[in-house]
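Trainee: Following this message is one structure expressed as structure tokens.
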Amino acid sequence: MEGELSGVLNRRCVEAAVMTGLALNCHINKKSLFDRKHYFYSDLPAGYQITQQRLPIAANGHLTYSVYMGKKRSQMTTKTVRIKQIQLEQDSGKSLHDDLRSQTLIDLNRAGVGLLEVVLEPDLCCGEEAAIAVRELQMILQALGTSQANMAEGQLRVDANVSVHHPGEPLGVRTEVKNLNSLRFLAKAIDYEIQRQITELENGGEILNETRSFDYKLGCTVSMRDKEGKQDYRFMPEPNLPPLVLYDATSLPADADSQQVVNIDQLRDMLPELPSATRERLVQQYGILPEHSFTLLNEVGLLEFFQSVIKETRAEPKRVINWVLNTLLYYLKQQNLAVSESPVTPAALAELLDLLDSKAISSSAAKQVFEELWKGEGKTAAQIVTEQQLELMQDREALEQLCQAAIDGHPQVVMDVKNRNPKAINKLIGLVRRTSLSRADPTLIKEILERKLSL
Amino acid sequence: MSVQASPTLFMAMATAATATSAHPDVVSIARVAPPSSLRRTRSKEMWARALRVRFPATLNRGRGFASKAGPQGKVQEAGQGTHSPRLATQGAGRVPAAKIEHLERLALVNFGSREAVARLEKAIAFADQLHAVDTDGVEPLESVLEDRCVYLRSDNVAEGNCTEELLRNSHHVVEEYFVAPPGNISLPDLVNKTPSPTAE
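Chains A and C, in that order, give the protein sequences.
Mapping to UniProt numbering: the first sequence position 433 is 433, numbers consecutive.
Mapping to UniProt numbering: the second sequence position 73 is 73, numbers consecutive.
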């Protein structure tokens with residue numbers, strides 16, 4: 001009889017919540033409680049949402065993220081945003097507003113499905129910081145398997161609470177901004193709202209504690225109807241859900257039913273490698289810079305691409321990272337393509353780097369080959385090299401002759417070189433390159449010229 | 001006295017009222033401070049642990065708290081029959097009009113008349129008797145399930161695939177969506193259009 005009063009909770013939700021709490025350095029509450037949050041909306045059939053307002057499953061954590069500043073984004077600062085709490089709650093249904101026919105279409109498929117809400121403290125100062133922090137959170141959730149965290153698909157939803165205040169003064173009145181379905185819009189909306197509030201206050205106006213929607217077409221936030229003023233959710237303990245009790249190695253009951261028991265210590269041991277650890281490992285493993293590591297993780301699929309190339313090429317990781325970040329990523333960004341849409345496959349790039357590594361082609365020739373590969377016409381790097389006759393001259397003697405010819409033909413330049421004019425040697429190298437139809441390695445040319453001129 | 005009319009309060013009203021209407025002295029208070037040192041305790045929303053209430057077997061669990069027919073009739077009976085100690089209320093025990101309007105908006109009830117508001121005020125005063133109990137050092141009882149743990153089920157899909165059956169609940173669907181009016185219609189419009197169920 002009594003058992004019929006109690007609701008049940010999906011175990012996986014609890015495990016996901018605990019692991020997320022651990023990954024975010026939170027204190028896990030061994031006992032947490034459920035509450036009802038009441039409000040009326042057509043996508044909330046019950047008229048209330050079950051949440052954890054009084055005592056959530058985890059609290060007082062922090063999320064660390066890196067901000068890259070400076071022109072070359074090479075100055076890195078580590079920042080932290082505090083996590084207020086993580087709570088388990090129910091999702092509502094989905095509303096589609098049909099303004100044309102003055103109706104709202106309701107899809108209840110996701111109503112009642114478990115959600116994790118992560119509440120951050122107001123430690124973020126601008127749109128960019130918020131976007132970086134949320135990106136880091138996204139990567140953590142993906143690494144944990146808690147969520148695929150795709151914002152466009154609503155798997156990760158973000159609401160921003162924005163306020164402004166003079167330094168030293170308490171926090172100002174905040175507005176809540178909704179309808180942010182990408183990191184870019186998140187940053188844009190926050191920056192817009194900050195500016196809007198500053199302008200409003202400077203003009204002697206005041207900020208209303210309201211909910212605003214981000215209009216991505218206009219790039220601004222718009223007030224959502226809120227004549228009700230502050231909502232009163234009439235929180236009350238959820239009568240059908242007893243407390244959620246978690247255990248650790250010390251408190252684990254001897255005769256525990258493993259299905260009913262969630263062991264925090266066991267979950268902690270099962271935590272996978274988190275993004276921050278991955279980044280450090282990559283720096284150690286490949287000898288790349290922290291900012292390279294950051295970009296590899298930040299761009300979806302880029303790490304996998306990089307690692308595939310490394311596996312298939314003889315070239316050094318430093319060279320690979322250079323090509324992946326400065327060439328491949330550059331081309332991708334130019335055409336707004338995802339890594340998965342790259343016309344150049346890891347295998348193709350690996351082959352190209354092998355040719356470069358064996359000095360079969362020069363770096364400028366390699367760039368040309370890449371350009372050709374990007375067209376995606378199915379040709380291999382080797383084929384393109386042959387077709388366009390980009391092979392480096394292998395005949396050392398012939399190159400020596402070209403160098404000699406350049407020296408003999410340009411006495412004035414030679415004079416400048418001998419007078420230690422730093423730019424003159426480059427001019428000479430350029431001359432040789434032209435006569436060799438760019439098929440000679442500039443480093444080798446320089447070496448030969450310097451020897452010939454007894455420098 | 002600050003009035004917090006939450007569903008919990010209504011719950012306390014409704015169940016306590018149900019009990020008293022049947023058996024006037026079933027409300028037995030295990031520990032009560034002597035009248036000369038009646039103290040106001042902090043947790044107004046929670047049931048005092050020391051208060052034991054016996055429910056008659058026919059307690060109607062299904063009643064919604066926002067329903068109009070609920071507590072009002074019962075409270076009137078309780079007002080007549082109870083012998084339970086009463087606390088002197090501060091102020092006139094009146095609920096301000098702005099608060100009534102706010103409650104109406106939140107809970108979608110319509111207090112309709114001055115008499116209904118008076119009934120509410122009496123109900124609140126009745127529930128305030130809880131303050132007679134000294135609960136210092138006593139943890140609030142938030143749930144009768146407090147000594148149990150929530151049951152964890154495994155992450156298996158055991159039911160579903162009943163779209164047609166569910167959509168049949170509504171006579172008007174659009175492409176497998178339920179249909180609702182646009183957004184939230186603010187209350188003044190509703191009040192004018194639909195006759196209030198509690199109107200007297």
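Backbone N, C-alpha and C define an ideal beta-carbon position, used for all residues, glycine too.
1. Report yes or no: do the region 69 to 85 of chain A and the region 98 to 112 of chain A share at least 3 C-beta pairs separated by less than 8 angstroms?
2. Under 8 angstroms Cβ to Cβ from residue 361/A, same chain only, skipping five residues before and after it: list those, please.
3. Could you compute how far the alpha carbon of residue 239/A sits from the alpha carbon of residue 33/A?
4. From the DSSP output, read off the bridge partner residues of residue 89/A.
5. Grouping DSSP H, G and I as helix and E and B as strand, with all else coil, what is residue 149/C?
6. Assign residue 342/A to one of three DSSP states: helix, strand, or coil.
7. Using CA atoms only, rank isn't needed, just tell me which of 365/A, 313/A and 46/A is closest to residue 440/A.
8. Buried or exposed, going by whether 16 or more other CB atoms sit within 10 Å of the CB of residue 335/A?
9. Could you check where the alpha helix (DSSP H) with residue 416/A kicks off and where it finishes?
10. What residues in the region 294 to 321 of chain A bring their beta carbon closer than 9 angstroms to a beta carbon of chain C?
11. Inspect the beta-carbon positions of residue 293/A and residue 347/A and report whether they are closer than 9 angstroms.
12. Check whether the region 239 to 255 of chain A and the region 197 to 215 of chain A are in contact - that is, three or more C-beta pairs closer than 8 angstroms.
13. Suppose you measure from the CA of residue 451/A to the CA of residue 341/A; what does that come to, to the nearest Å?
14. Below 9 angstroms between beta carbons: does that hold for residue 96/A and residue 52/A?
15. I need the straight-line Cα distance from residue 38/C to residue 132/C, nearest angstrom please.
16. How long is the line joining the alpha carbons of residue 234/A and residue 36/A, rounded to whole angstroms?
17. Return the Cβ separation of residue 485/A and residue 221/A in integer angstroms, given the expectation that the two are a contact with Cβ distance under 8 angstroms.
18. With 9 angstroms as the threshold, decide whether the Cβ of residue 10/A is near any Cβ in chain C.
19. Ignoring anything shorter than 4 residues, give me the alpha helix (DSSP H) runs that lie fully in the UniProt domain "Asn/Gln amidotransferase" (304 to 453) of chain A, in order along the chain.
20. Determine, using beta carbons only, whether residue 402/A and residue 436/A come nearer to each other than 9 angstroms.
21. With distance defined between alpha-carbon atoms, name the residue in 281/A, 143/A, 194/A and 200/A nearest to residue 127/A.
22. From the beta carbon of residue 149/C, is the nearest beta carbon of chain A less than 9 angstroms away?
23. Taking Cβ-Cβ distances shorter than 8 angstroms, what residues in chain C pair up with residue 104/A?
24. Would you tell me roughly how many angstroms separate the C-alpha atoms of residue 315/A and residue 351/A, rounded to the nearest one?
25. Going by DSSP, what residues sit across from residue 68/A in a beta bridge?
26. If the cut is a Cβ gap below 8 angstroms, which residues of chain A does residue 108/C touch?
27. Taking 9 angstroms as the CB-CB limit, is residue 239/A close to chain C?
28. Report the three-state DSSP secondary structure of residue 461/A (helix, strand or coil).
29. Less than 9 angstroms separating the beta-carbons of residue 9/A and residue 153/C?
30. Check the Cβ of residue 142/A against every Cβ in chain C and list those closer than 7 angstroms, keeping chain order.
31. Using the beta-carbon of each residue, which ones in chain A are nearer than 8 angstroms to residue 152/C?
32. Is there contact here, the region 109 to 126 of chain A with the region 72 to 87 of chain A, by at least three beta-carbon pairs under 8 angstroms?
33. Please state if the CB of residue 13/A and the CB of residue 510/A are separated by a distance shorter than 9 angstroms.
34. Return the chain-ordered list of same chain residues with a C-beta closer than 6 angstroms to the C-beta of residue 286/A, the five sequence neighbours on each side being excluded.
35. Can you check whether the C-beta of residue 174/C is within less than 9 angstroms of a C-beta belonging to chain A?
36. Kindly indicate if chain A contains any beta-carbon less than 9 angstroms away from that of residue 171/C.
Mentor: Per the coordinate set shown:
1. no
2. 355, 369, 385, 390, 391 and 392
3. 10 angstroms
4. 115/A
5. coil
6. coil
7. 365/A
8. exposed
9. 411 to 418
10. none
11. no
12. no
13. 48 angstroms
14. no
15. Low confidence applies here, because residue 38/C scores a pLDDT of 36, under 50, leaving its location unreliable; read the following figure in that light. If I take the Cα positions, the gap works out to 6 angstroms.
16. 8 angstroms
17. Residue 485/A lies beyond the residue range present for chain A, which begins at 1 and ends at 455; the question has no answer from this structure.
18. yes
19. 317 to 322, 329 to 334, 346 to 357, 363 to 374, 381 to 387, 396 to 409, 411 to 418, 422 to 435 and 442 to 452
20. yes
21. 194/A
22. yes
23. 179, 180, 181, 182 and 183
24. 10 angstroms
25. 76/A
26. 40
27. yes
28. Absent from the structure is residue 461/A, since the part of chain A shown begins at 1 and ends at 455.
29. yes
30. Those within 7 angstroms of residue 142/A in chain C number zero; the least Cβ separation is about 19 angstroms.
31. 8, 9, 10, 11, 14, 259, 260 and 262
32. yes
33. Coverage of chain A is limited to positions 1 through 455, which leaves residue 510/A absent and any answer about it impossible.
34. 317
35. yes
36. no
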